[in-house]
Amino acid sequence: MTPKVWLVTGASSGLGAAIAEAALQAGHSVIATARNPTKAAEANPQISSLGGTWIKLDVTSSDTARAVESAINQAGGVIDVVVNNAGYSLLGSIEDMSEAEIETQFSTNVYGPVRVLRGALPFMRARKSGNVINISSSAGIDGLPTCAIYAGTKFALEGMSESLAKELAPFNIRVLVVEPGSLRTNFWTAYVEPAAGMNEGYTGTPLDHVLDAFKSNKGKQPGDAVKCAQRVLEVIDGTGMGAGKGDLFRLPLGLDCYNRFQNKINNLQDNLLQAKDIAHSTSYS
Numbered sequence: 010m011t012p013k014v015w016l017v018t019g020a021s022s023g024l025g026a027a028i029a030e031a032a033l034q035a036g037h038s039v040i041a042t043a044r045n046p047t048k049a050a051e052a053n054p055q056i057s058s059l060g061g062t063w064i065k066l067d068v069t070s071s072d073t074a075r076a077v078e079s080a081i082n083q084a085g086g087v088i089d090v091v092v093n094n095a096g097y098s099l100l101g102s103i104e105d106m107s108e109a110e111i112e113t114q115f116s117t118n119v120y121g122p123v124r125v126l127r128g129a130l131p132f133m134r135a136r137k138s139g140n141v142i143n144i145s146s147s148a149g150i151d152g153l154p155t156c157a158i159y160a161g162t163k164f165a166l167e168g169m170s171e172s173l174a175k176e177l178a179p180f181n182i183r184v185l186v187v188e189p190g191s192l193r194t195n196f197w198t199a200y201v202e203p204a205a206g207m208n209e210g211y212t213g214t215p216l217d218h219v220l221d222a223f224k225s226n227k228g229k230q231p232g233d234a235v236k237c238a239q240r241v242l243e244v245i246d247g248t249g250m251g252a253g254k255g256d257l258f259r260l261p262l263g264l265d266c267y268n269r270f271q272n273k274i275n276n277l278q279d280n281l282l283q284a285k286d287i288a289h290s291t292s293y294s
């Protein structure tokens, strides 16, 4: 296996830190990014001890592309794998969310990957080689109550990734969308609720119940971030369970995610069949 240069955003904790560590343990080079790299390095000493390099990166900044370009140049001008992992969840009713809260969610989860890729893709296109890993979510396929805006960002990332995969194929650049289920990380500890609180009209509704379920589920999530990171690594390297999966575009992780996707597919198929006569009735002929 030829060692690769990885850039992982949001590597300070959770799946991002696990992916960075897995790549390093496999013999790759890693540029790990965080808004506070000093704090991130202290929390994850294994990344530095394995040879990883930390850089400061806030994906909501307009300077993101330039910062990514500079980091790649300092690493020798080669980037093989970009992992767009930085993100968070804003949960609650859209009635209670300010425009600023919604804009920050989209700036992080959607515009953030765009900014990172604008800095990295020129290097990949020049070499006609590379891998883009966009970390989506089970919410990127199946939106739950409380997740309207968060799921909206992940649906956007999924659609963007579908187009990117086709646009970048002529340059031998692969796009992989990773869709984790519920992982036992600090992700759900760090979720954000609207500053205005919850409108009383939603008390006792599915939104209220699902939000309570999220809160009570902390520390009980079924997904193992370390195992997920290993599966991502194997799919990119074509080793282990990733052998022969070079054409894989979506990578659902977790039985909970898989089951949600299967139910979504079934519901889509039912909806499509019910709408068939309507769809076929709207042509000029």
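Counted the way the working numbering counts, the sequence shown spans residues 10 to 294.
Beta carbons: idealized from backbone N, C-alpha and C, even for Gly.
Quick caveat, the model's predicted, so the values are computed rather than measured.
Taking the Cα of S146 as reference, the smallest distance to any Cα among A95, D221 and K224 is reached at A95.
Burial check for A49: the Cβ neighbour count within 10 Å reaches 16 or more, so the residue is buried. Between the alpha carbons of A157 and A109 lies a gap of roughly 16 Å. Remark: C-beta atoms of L24 and C237 approach each other more closely than 8 Å.
Residue burial annotation: D151 is buried, with at least 16 other C-beta atoms found within 10 angstroms of its C-beta. Taking C-alpha positions only, K285 is separated from R124 by approximately 40 Å. Boundaries of the alpha helix (DSSP H) around A80: T73 to Q83. Here Q283 has no same chain residue with a Cβ atom under 6 Å from its own Cβ, once five neighbours each way along the sequence are excluded. An exposed status is given to P12, since fewer than 16 other beta-carbon atoms sit within 10 Å of its beta-carbon. Sequence-distant partners of E78 (beyond 5 residues in either direction) whose C-beta falls short of 6 Å from its own C-beta, in its chain, are G128.
With a threshold of 16 other beta carbon atoms within 10 Å, G247 falls short and is exposed.
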